[in-house]
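Taking the numbering used here, I'd label the letters of the sequence shown as residues 5 to 288.
Built from N, CA and C at the ideal position, the CB exists for glycine as well.
Here is the structure we will look at, set down as structure tokens.
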Amino acid sequence: MKKFLALILALCLCLSLVACTSASNPGNSGGNNDTQDTDQSTNGGDSQTGGETKTVGIAMPTQSLERWNRDGAYLDEQFKAAGYNTIVTYSDNKNDQQVNDIQNMISQGVDLLIIAAIDGNGLNTVMNDAGAAGIPVIAYDRLIMNDNSSYYVSFDNYTVGKLQGEFVRDALDLDNAAGPFNMEFTAGDPADNNAGYFFNGAFDVLKPYIDSGKVVVPSGQTAFDAVATDQWQTDVALDRAQNVLASYYTGGTKLDAWLCSNDSTSLGAALRTRSAAYRTGCSA
Numbered sequence: 005m006k007k008f009l010a011l012i013l014a015l016c017l018c019l020s021l022v023a024c025t026s027a028s029n030p031g032n033s034g035g036n037n038d039t040q041d042t043d044q045s046t047n048g049g050d051s052q053t054g055g056e057t058k059t060v061g062i063a064m065p066t067q068s069l070e071r072w073n074r075d076g077a078y079l080d081e082q083f084k085a086a087g088y089n090t091i092v093t094y095s096d097n098k099n100d101q102q103v104n105d106i107q108n109m110i111s112q113g114v115d116l117l118i119i120a121a122i123d124g125n126g127l128n129t130v131m132n133d134a135g136a137a138g139i140p141v142i143a144y145d146r147l148i149m150n151d152n153s154s155y156y157v158s159f160d161n162y163t164v165g166k167l168q169g170e171f172v173r174d175a176l177d178l179d180n181a182a183g184p185f186n187m188e189f190t191a192g193d194p195a196d197n198n199a200g201y202f203f204n205g206a207f208d209v210l211k212p213y214i215d216s217g218k219v220v221v222p223s224g225q226t227a228f229d230a231v232a233t234d235q236w237q238t239d240v241a242l243d244r245a246q247n248v249l250a251s252y253y254t255g256g257t258k259l260d261a262w263l264c265s266n267d268s269t270s271l272g273a274a275l276r277t278r279s280a281a282y283r284t285g286c287s288a
């Protein structure tokens, strides 16, 4: 069981990294109020103990990013193929809804929970309920700070950030071009443990060029807290991009790159910069 879980989760994360795509609903990356997809299915097979098929509950944060649709569908498919029952939920990027979804899965008697948390610090009550019920929990890609989290599987998120920073470095040819180049940063959700690693990895690559003056951040916003985006929402990133451009890019000042930590935030920055006819490179 442990070897199977490790293989499936690792493969799913790898597919997410190499096939990262744009938000499926650009106008509402914070969620899809029209759809809460809960898939419950039974497929008997090898995963039976005493004639009873085990059930895996899979809690994904939202359907508004293709990445989570793909991850949820892949996990569902693989567990079914191995003979498990599955319950799959998408919680519209709303923590209260995810808590309710997980509570429902616990009440239905799932044997294992795989949770991609909307807010890793906001699941304590339901995590304690899972622990009391003896249900192991795998924190999927987003760390859950609770003693009842049995396992945590994710990327090397700092290295992902470094790769983003290296993309900007190479695209602007910072090691050879004279510069200076103007750029801005957009980071992710402060409630997501991964967001700081993404940002720090990228910033550490670009900091030497900022220190030397080859890269300039006209807004001066280079701290994580200043560039973070609540719930990774496109509209939040868009609003901040509008404010930054209106305040610091007047009088012909050119924007050369805008580094964003994921698809939904880069979509917000790209929508604003494209509409304003700025030259932009958003790395996500």
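Three-way DSSP call (helix, strand, coil) for residue i in this model
| i | result |
| --- | --- |
| I214 | helix |
| F185 | strand |
| Q117 | For the record, residue 117 in the displayed sequence is Leu; it is not Gln. Strand at L117. |
| L178 | coil |
Alpha-carbon spacing of residue i relative to residue j, whole angstroms
| i | j | result |
| --- | --- | --- |
| L259 | L178 | 15 angstroms |
| G205 | L167 | 8 angstroms |
| T57 | G113 | 11 angstroms |
| M131 | D243 | 34 angstroms |
| N125 | N99 | 10 angstroms |
| I106 | S216 | 50 angstroms |
| D123 | D196 | 6 angstroms |
| D115 | N89 | 10 angstroms |
| A134 | I110 | 7 angstroms |
| V240 | N104 | 25 angstroms |
Best match in the options for proximity to residue i [C-alpha to C-alpha]
| i | options | result |
| --- | --- | --- |
| S158 | A77, A136 and A143 | A143 |
| I119 | Q237, D133 and V141 | V141 |
| Y290 | A182, M187, D208 and L263 | The requested residue 290 does not occur in the structure, where the chain is confined to residues 5 to 288. |
| S268 | Y162, D145, T226 and W72 | W72 |
| D80 | V209, M149 and I62 | I62 |
Start and end residues, alpha helix (DSSP H) containing residue i
| i | result |
| --- | --- |
| Y88 | Per DSSP, Y88 belongs to no alpha helix (DSSP H) and is neither H nor E. |
| Y252 | T238 to Y252 |
| G255 | Looking at the DSSP string, G255 is not in any alpha helix (DSSP H), and its letter there is neither H nor E. |
| T163 | N161 to A175 |
| T226 | Looking at the DSSP string, T226 is not in any alpha helix (DSSP H), and its letter there is neither H nor E. |
| T129 | N128 to A136 |
| M109 | N99 to S111 |
Boundaries (first-last residue) of the beta strand (DSSP E) holding residue i
| i | result |
| --- | --- |
| I122 | Segment: none, I122 is in no beta strand (DSSP E) and carries neither H nor E. |
| G192 | Where G192 is concerned, there is no enclosing beta strand (DSSP E), given that its DSSP letter is neither H nor E. |
| T233 | It is not in any beta strand (DSSP E) - T233 carries neither H nor E in the DSSP assignment. |
| I139 | Element bounds for I139: n/a, residue is neither H nor E. |
Cβ contact check for the stretch 202-218 and the stretch 235-242: 3 or more pairs under 8 angstroms: In this structure the stretch 202-218 does not lie against the stretch 235-242, because fewer than three pairs of beta carbons, one per stretch, are closer than 8 angstroms.
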